[in-house]
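Numbering (the working numbering), first residue to last: 462 to 692.
Spelled out as structure tokens, the structure:
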């Protein structure tokens with residue numbers, strides 16, 4: 462079964478863009494795809510040799526990668542471009558945006574349109590409403606999200622069990638004076654790691670001082686974020 466799947470992936474690399482990524486995942490660090498299916502890699506909770514991930518760990522999204530006529534389940538921290546994430550108590554899934562949307566926030570709100578469409582109030586339209594003129598310049602306020610940072614706490618990556626991960630994105634186009642607020646340019650989520658001892662000694666007073674500085678820095682960053690506007 463595993464041998465036939467690997468042969469299929471190799472043949473698919475030339476004609477399917479996603480196949481090369483899956484093949485690279487299958488042989489990462491010399492590990493065969495059959496070993497990955499034991500759910501010891503990535504965000505898989507349960508999986509099979511034939512269908513990939515069947516369920517994901519908490520906070521991960523289930524995304525179906527199409528390879529030819531086959532779909533492979535992949536667990537991701539965020540959905541790929543052209544898809545939006547939906548969270549539920551039982552399962553988090555990636556759902557495809559509407560055909561006219563290049564990217565979207567949910568099924569009813571587009572954030573970027575495909576060529577030939579114009580964005581207006583979250584809708585992609587073939588022509589602008591009466592009283593408005595089209596603009597062919599770039600209309601995105603911010604770029605794509607960066608990768609999540611390593612799990613840390615008070616600027617350290619050791620000596621704790623619960624920490625935080627951060628990701629950011631850059632401003633692409635600065636606002637007009639009467640524009641609407643842009644989306645946030647940073648996100649923070651909690652993370653769990655195996656506690657390990659830090660090299661050297663840290664006093665309780667020093668740790669409290671570092672946490673205070675980190676909090677003050679976060680407040681300044683948040684204040685800057687609130688000033689952004691879109692066209």
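Glycine is no exception: its CB is placed at the ideal position from the N, C-alpha and C atoms.
CA-to-CA, the gap between residue 541 and residue 528 works out to about 16 Å. By the Cβ rule, the region 610-628 does not count as touching the region 573-590, because fewer than three pairs are nearer than 8 Å. Taking residue 656 as the centre and dropping the five residues before and after it, the same chain places the C-beta of 622 closer than 6 Å to its C-beta, in chain order. Comparing alpha carbon positions, the residue from 590, 547 and 589 closest to residue 569 is 547. For residue 530, the three-state secondary structure derived from DSSP is coil. Per DSSP, residue 628 is one residue of the beta strand (DSSP E) stretching across 623-629. Distance check between residue 614 and each of 649, 508 and 574 places 649 closest, using alpha-carbon atoms only.
When C-alpha distances from residue 551 are compared across 522, 530 and 592, the shortest belongs to 522. Bridge pairing for residue 543: absent [DSSP]. Across the structure, residue 661 and residue 616 are spaced so that their CA atoms are roughly 15 Å apart. The residues 629, in chain order, have a CB closer than 6 Å to that of residue 647 in the same chain once the five nearest residues on each side in sequence are set aside. One Cα belongs to residue 519, the other to residue 582, and the distance between them is close to 33 Å.
Under DSSP, residue 550 shares a beta bridge with no residue. Spanning the alpha carbons of residue 563 and residue 606 requires a straight line of approximately 16 Å. By the C-beta density criterion, residue 553 is buried, having at least 16 other C-beta atoms within 10 angstroms.
Just measuring C-alpha positions, the residue of 644, 652, 643 and 645 sitting nearest residue 626 is 652.
In this structure, residue 534 keeps its C-beta atom at 7 Å or more from the C-beta atom of residue 558. Per DSSP, the unbroken beta strand (DSSP E) holding residue 567 starts and ends at 562-567.
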